[in-house]
Amino acid sequence: MNITGKQIKPMVFAIIAAFALGVLCSVPAEGARKDWPKRITIGGGPLQGTIQFQALGWSSVLNKVLKLNSSVESTAGATVNARLISQGRQDFGFGTSSSISDAAFFGRGFAKGKRYKNLRIMSPVDSSGVQFWTPAKSPIMKAEDIQGRRLNISRPGSGVDRFGRNLMKVVGLKPSQVTNVGHGQANRMMQDGILDVAATIGAPPHPAVASITSQLPFRVFGLGHGKWAEMMLAKYPFYVKTAIVGGMYKGNPKPVKTIGQTNWLGAGAHVPNDLVYEVVKATFANKKDLVLAHRSWESLDINKMTKANIPVHPGAIRYYKEKGIKLPKSAMMAK
């Protein structure tokens with residue numbers, strides 16, 4: 123078909139008009155925003171932890187795309203975020219399957235006897251893995267070798283702290299000393315020879331682990347897939363066997379067998395439905411920008427919602443219905 127110059131001009135105008143209409147439709151109407159908080163608080167994690175980097179990147183994308191005024195608070199991590207969200211002191215936050223479902227919402231674990239009824243989820247983020255790291259010259263080669271050694275399990279009340287104490291209880295691990303300091307301080311302590319090994323749970327590459335392995339010879343290992351892993355899975359079914367890709371950390375070319383769990387974006391029941399809808403929509407639509415902030419966002423997958431067993435925020439439910447995602451009955455409990 124031949125197109126003349128006279129035909130081009132109206133076509134160009136039509137294309138521009140269609141594009142402008144698309145942009146306008148993608149931005150929430152001012153009326154829909156009137157009930158949105160003027161300032162939005164997002165719960166992150168320890169300063170050198172994966173969650174904090176994920177949260178900072180996510181906040182930046184939301185501020186740019188939706189013109190929000192969101193900021194990230196560094197916290198001890200998932201367990202603290204679950205409590206603060208339910209109390210209305212945070213709007214959004216990052217959490218794990220254990221902190222949100224088995225503990226916070228159902229009143230088990232650290233929240234025993236006190237359900238956090240105002241906690242909802244919006245979307246999956248990634249899968250975290252249990253990781254240990256120690257100087258390469260250390261005789262500690264696997265999790266069982268931590269017996270009688272000096273172990274750090276991150277800040278008090280964090281998800282790592284809870285995991286470490288559960289591990290000691292379930293498998294009978296008895297370190298000679300247990301410390302609760304941030305990952306950055308743990309790295310310095312290992313360099314000074316006053317700490318043997320550190321633990322964390324996060325999506326690889328974990329910033330603190332990547333930082334130290336890029337500078338010095340350090341060994342990274344997981345919980346493995348043996349007896350200890352089986353004991354933890356039997357006690358805590360939200361864990362699954364997983365592996366960290368070989369070469370993820372400098373000097374560690376082999377795959378690291380370990381256990382892990384799904385991480386989620388949480389929201390308070392107090393957050394307006396239309397705000398949550400727009401946030402979830404923007405999250406999936408801007409995955410490429412999120413990956414630039416942290417590689418773990420590559421694991422963002424809408425299909426993981428088909429296995430959600432935690433109440434989903436009504437605003438998010440609206441989005442998934444539009445996308446044809448069938449949520450389990452347990453995820454539809456929120457009203």
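Just add 122 to wherever you are in the sequence shown, counting from 1, and you've got my numbering.
Cβ atoms here follow ideal geometry from the backbone N, Cα and C, with glycine treated the same way.
Among the options, nearest to residue i - alpha-carbon criterion
i, options, result
"valine 319", "Ser336, Phe340, Ala325, His328", "Phe340"
"asparagine 288", "Gly315, Lys448, Gly235, Tyr361", "Tyr361"
"glycine 294", "Ile268, Lys410, Arg205", "Ile268"
"alanine 204", "Lys189, Ser181, Gln170, Ile164", "Ile164"
"lysine 186", "Ala356, Pro329, Thr405, Asn374", "Thr405"
"lysine 409", "Ile162, Gln170, Ser181, Gly167", "Ser181"
"leucine 387", "Asp157, Gly166, Trp158", "Gly166"
"isoleucine 323", "Ala407, Ser280, Met312, Arg211", "Ser280"
"proline 329", "Gln170, Pro375, Lys160, Ile162", "Gln170"
Cβ pair residue i, residue j closer than 8 Å
i, j, result
"glycine 382", "valine 252", "yes"
"alanine 325", "threonine 172", "yes"
"leucine 412", "valine 183", "yes"
"phenylalanine 175", "alanine 415", "yes"
"tyrosine 358", "serine 220", "yes"
"serine 192", "threonine 218", "no"
Residues of its chain near residue i, where Cβ-Cβ distance is below 7 Å and the 5 sequence neighbours each way are ignored
i, result
"tyrosine 371", "Pro327, Val331, Ala332, Thr335, Val342"
"arginine 271", "Ile262, Pro297, Ser298, Asp318, Val319"
"lysine 445", "Ile424"
"alanine 430", "Ile243, Leu449, Pro450, Ala453"
Residue span of the alpha helix (DSSP H) that contains residue i, given as start and end
i, result
"aspartate 423", "Aspartate 423 -> no alpha helix (DSSP H), and no H or E assigned at all."
"tryptophan 180", "172-188"
"phenylalanine 340", "That residue, phenylalanine 340, is in no alpha helix (DSSP H); its beta strand (DSSP E) goes 340-343."
Chain-order list of residues whose beta-carbon lies under 8 Å from that of residue i (same chain, five-residue window excluded)
i, result
"alanine 321", "Val252, Gln253, Phe254, Leu273, Asn274, Ile275, Ser276, Val282, Phe285, Gly286"
"proline 377", "Ala365, Ile366, Val367, Gly368"
"asparagine 476", "Coverage of the chain is limited to positions 123 through 457, which leaves residue 476 absent and any answer about it impossible."
"glutamine 307", "none"
Own chain, CB closer than 6 Å to residue i, minus 5 neighbours either side, in chain order
i, result
"leucine 345", "Val252, Ala265, Ala351, Thr380, Ile381"
"aspartate 248", "Ala325, Asn385, Ser418, Ser421"
C-alpha gap between residue i and residue j, whole angstroms
i, j, result
"aspartate 213", "serine 260", "43 Å"
"methionine 354", "alanine 365", "16 Å"
"valine 398", "proline 257", "44 Å"
"alanine 453", "lysine 349", "32 Å"
"alanine 391", "asparagine 240", "5 Å"
"arginine 155", "lysine 403", "15 Å"
"histidine 305", "glutamine 209", "27 Å"
"leucine 143", "leucine 190", "Because leucine 143 sits at a pLDDT of 41, beneath the cut-off of 50, its placement in the model cannot be relied upon, and the following sentence gives the value as read from the coordinates. C-alpha separation (whole angstroms): 21 Å."
"leucine 146", "proline 278", "The pLDDT assigned to leucine 146 is 38, lower than 50, so where the model puts this residue is not dependable; a value taken from the coordinates is nonetheless given after this. Roughly 46 Å separates the two Cα atoms."
"glutamine 337", "valine 393", "43 Å"
"isoleucine 447", "methionine 427", "7 Å"
"phenylalanine 228", "arginine 237", "6 Å"
"threonine 301", "lysine 443", "46 Å"
"leucine 206", "glycine 373", "39 Å"
"tryptophan 158", "proline 168", "28 Å"
"leucine 178", "asparagine 309", "23 Å"
"histidine 347", "alanine 356", "13 Å"
"alanine 233", "alanine 407", "34 Å"
Opening and closing residue of the beta strand (DSSP E) in which residue i lies
i, result
"valine 194", "192-195"
"asparagine 274", "272-274"
"tryptophan 350", "Taken as a continuous stretch (DSSP letters only), tryptophan 350 belongs to no beta strand (DSSP E), being part of the alpha helix (DSSP H) at 349-357."
"isoleucine 334", "It is not in any beta strand (DSSP E) - isoleucine 334 instead sits in the alpha helix (DSSP H) that spans 329-337."
"glutamine 269", "Looking at the DSSP string, glutamine 269 is not in any beta strand (DSSP E), and its letter there is neither H nor E."
"glutamine 307", "From DSSP, glutamine 307 is part of no beta strand (DSSP E) but of the alpha helix (DSSP H) over 305-313."
Residue-level contact to chain E via CB, residue i, 8 Å cutoff
i, result
"methionine 263", "The structure shown has no chain E; it contains just one protein chain."
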